[in-house]
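Right, one structure below, let's go through it.
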């Protein structure tokens, strides 16, 4: 299905309380700010958020608004609000090493339910997880991550929903584009089909459901 | 390490008898023909070949020359020589579903030793493999594939070894670029560093050791 | 067009009607490839080929064929506006990850529980499985397009497949020259039959056990195609 | 430059000498970031940042900083000719898959068996692990660049880490302001010591058990950097 266009407000209406929402971006680079702001203005609550980090100026707004029940990511220390909410028992946190986080999302989008990784073997982060030896080395079994909705940020889309990104703002966005039932991409510009280089398209339109611009 | 340039003849001299060699290409599309021909002219034998297929006009030459001990791939039926050599006990064959083949190579290049896939569960191709249920559905445990050397085909390289591909000739090449100790890329053209679009580079130069042109 | 080709096209034409506007679809080798010729004009579909492309265009004229631009059947193809190329890893992530709306695929055998056998015949020197297993396990809808019987007149629709399986219980729709079946909750249901044969005729060439849908459609399967036989008995041969 | 900064730069400068011409390197947060200022002029290294870029260039002037073009420390960066961008999945495949020649990374503690603790302090509200675990487990050479002791004068080089581990037995080289150690076959070996302190002084601030290399180098660690102290006792404080 080719992607359809909506405003940010229309798009976030698809998100229900209690959903799992993947959100792209590393720090503020590549974060879908319009969608984050639009969701902040809704009544949605009890979200599980899958995001590398929760910056005060972006997803931190959802923390302030009490929307997040659980956060899965790699580095929340930069935002004292998250640390405080965690210690106050308001937010559950699941920390993954960043490579495991990426791989789990890619697996979720690729029909792979679980994989083994050397990362975190023998550390506190393998607690409660299966550790198995291959060729004499220990590996941790990690499960795939999937979302109900992914909010991602790209640079340009064509009318079909093919996406290209901008420099290091690419980060987790192409992975999250694979791993949710509904993928909403905030883009700077929508161009006619055929105007993006077919060799340079990073996210083929099969992954993208909704495009949001101004 | 930035890639270094060699002739096809120099490059294939790095391959020893008994090595595991990954070879890109789907049919003849994206097959590194110059490298295949150069290796045919060496005395190397006893190779394990990891290739989707073994076309008569390309890798089939290695079969004719008695170089292949074992072939891991997805579809060898198109070449009657392979079928004959298999039935004569001259070549061992390991068949994988094509998606498993791809994923195993990507895993081999990504530090992932093993993964679960739904593909082939409950078929003859799960024989001898671990089958495990996640959320009530059966999955097959598959091990990563790695090579000693990968022979791949790309369109353009820059001087550092960054690669872009040409249409459907891309296929398995970027995956195999990740998964061997030594990666030899046959390219149409080598251009100065900085002349490829940084957003469109498919294989960053970190994966590429040797570039071969005319 | 010979008789065999007319049958193949009858099947392809009916299978094409199973597709929906906007579907991203992978067409397998053989009869499924012909489906592209019969996409209803009012819908748009987006073709994927597993060797790494979306928005596959029609076969180019021979003088414009590019040996590096091929589909999974290794035939020359062209690119449509909005086409994209990707490696086989991402291509199979699309397939196995459930991102294809549908696949149309051939069959050697289909069982009444929706098992598919399509890649190997015991005793034949088959050394290939290709991408079919990932396609069938991953696509949202698996549409099998196949002749009702083998060239030798052996049944293909069976209580249980006797050939090596491609996947278990993944078939959603089965289209032959005689009939259309759907698979729901492990049951095989006849939903459409050609008006060129009787229910008993169908039964006699279909060892698989199937229910008959209360709103069974009886249709002329050859509309728009030249009629290829008069006598349903010939059908069985 | 204050004393603390001089120590950090002394460590960064020595760590830079561990890099080899052509290495693809990831520099961690903190002291490792400074390594880029001390790459010997006769070698070229290729910088990777785990948020998805190879051929990272120097920090741009403030008026040219692009908030979308940052490194893993979230600082503005620039791009060199031959730069490429990729998603975080491929970036960590590069790291975990053993494609980086080296990483320079900071430490809270290092054990005599090459265990590294770098991400959490018991009792402190740390909710982050980031990319360090993948870096350390994957890079061909793990070069730890750290002060010899904590700000409070607590030892960091221990028989066994007491803080949560980043990885077990992955450290190859450890560079501090006082010394350089290598880890080989599970053993920690002192290979270089600053001429500003005696072997006993080093021992007294290093609870980890280590061997002394037969060809131990004694060097002026402050060459090219302003001397920061005369009295090795001050070092311990």
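Protein chains in written order, with this note's numbering: chain Y, 6 to 219; chain X, 6 to 219; chain H, 2 to 238; chain V, 2 to 238.
Positions of the beta carbon are idealized from the N, C-alpha and C atoms, including for glycine.
May I ask you to report which of helix, strand or coil DSSP gives residue i?
i	result
residue 187(Y)	strand
residue 34(H)	helix
residue 72(Y)	coil
residue 169(H)	coil
residue 65(H)	helix
residue 39(V)	helix
residue 1(H)	No answer is possible for residue 1(H): it lies beyond the span of chain H, which begins at 2 and ends at 238.
residue 210(X)	helix
residue 236(V)	For residue 236(V), the pLDDT reaches just 42, beneath the cut-off of 50, and the residue's location in the model is therefore unreliable, leaving the point undetermined.
residue 20(V)	coil
residue 230(H)	Per-residue confidence for residue 230(H) stands at a pLDDT of 48, beneath the threshold of 50, marking its modelled position as unreliable; no derived number is given.
residue 81(X)	coil
residue 22(X)	coil
residue 139(H)	helix
residue 88(X)	helix
residue 11(X)	coil
residue 161(H)	coil
Could you check whether residue j and residue i sit closer than 7 Å to each other, using their CB atoms as the reference points?
i	j	result
residue 135(H)	residue 102(X)	yes
residue 144(X)	residue 121(X)	yes
residue 90(Y)	residue 63(Y)	no
residue 179(X)	residue 88(H)	yes
residue 196(Y)	residue 216(Y)	no
residue 27(X)	residue 181(X)	yes
residue 116(V)	residue 48(V)	no
residue 9(H)	residue 32(H)	yes
residue 185(V)	residue 137(V)	no
residue 149(H)	residue 179(H)	yes
residue 63(V)	residue 199(X)	no
residue 123(V)	residue 208(V)	no
residue 211(X)	residue 169(X)	no
Assuming the contact rule is C-beta atoms closer than 8 Å, residue i and residue j should be a hit. Round their C-beta distance to whole Å, please.
i	j	result
residue 127(X)	residue 169(H)	4 Å
residue 219(V)	residue 16(V)	Not quite, the Cβ-Cβ distance comes to about 19 Å (not below 8 Å), so this is no contact.
residue 1(V)	residue 140(V)	Residue coverage of chain V in this structure runs from 2 to 238, which leaves residue 1(V) outside it and unanswerable.
residue 124(Y)	residue 97(V)	6 Å
residue 97(X)	residue 86(V)	Not confirmed; about 41 Å, so no contact.
residue 77(Y)	residue 49(Y)	18 Å between Cβ atoms; not a contact.
residue 212(V)	residue 191(V)	7 Å
residue 175(Y)	residue 113(Y)	Between residue 113(Y) and residue 175(Y) the Cβ distance is about 18 Å, and since that is not below 8 Å, they are no contact.
residue 186(X)	residue 153(X)	6 Å
residue 147(V)	residue 108(V)	4 Å
residue 70(Y)	residue 45(Y)	6 Å
Quick check on residue i: buried or exposed, where buried means 16 or more other Cβ atoms within 10 Å of its Cβ?
i	result
residue 158(X)	buried
residue 3(V)	exposed
residue 189(Y)	buried
residue 73(H)	buried
residue 234(H)	With a pLDDT of 38 at residue 234(H), under the threshold of 50, the modelled position of this residue cannot be trusted; read the value that follows with caution. Looking at its Cβ environment, which holds fewer than 16 other Cβ atoms inside 10 Å, residue 234(H) is exposed.
residue 13(H)	buried
residue 209(Y)	buried
residue 155(Y)	buried
residue 201(X)	buried
residue 194(X)	exposed
residue 56(V)	buried
residue 65(V)	exposed
residue 42(V)	exposed
Out of the options, which has the shortest C-alpha to C-alpha gap to residue i?
i	options	result
residue 214(H)	226(H), 6(H) and 194(H)	194(H)
residue 127(H)	182(X), 82(X) and 129(X)	82(X)
residue 73(Y)	23(Y), 60(Y), 30(Y) and 85(Y)	23(Y)
residue 114(H)	159(H), 76(H), 85(H) and 138(H)	159(H)
residue 106(H)	188(H), 205(H) and 145(H)	145(H)
residue 90(V)	92(Y), 110(Y), 86(Y) and 119(Y)	110(Y)
residue 24(H)	111(H), 104(H) and 64(H)	104(H)
residue 34(X)	206(H), 70(H) and 58(H)	70(H)
residue 78(H)	64(H), 154(H), 59(H) and 133(H)	59(H)
residue 21(V)	189(V), 45(V) and 34(V)	45(V)
residue 80(Y)	115(Y), 69(Y), 55(Y) and 146(Y)	55(Y)
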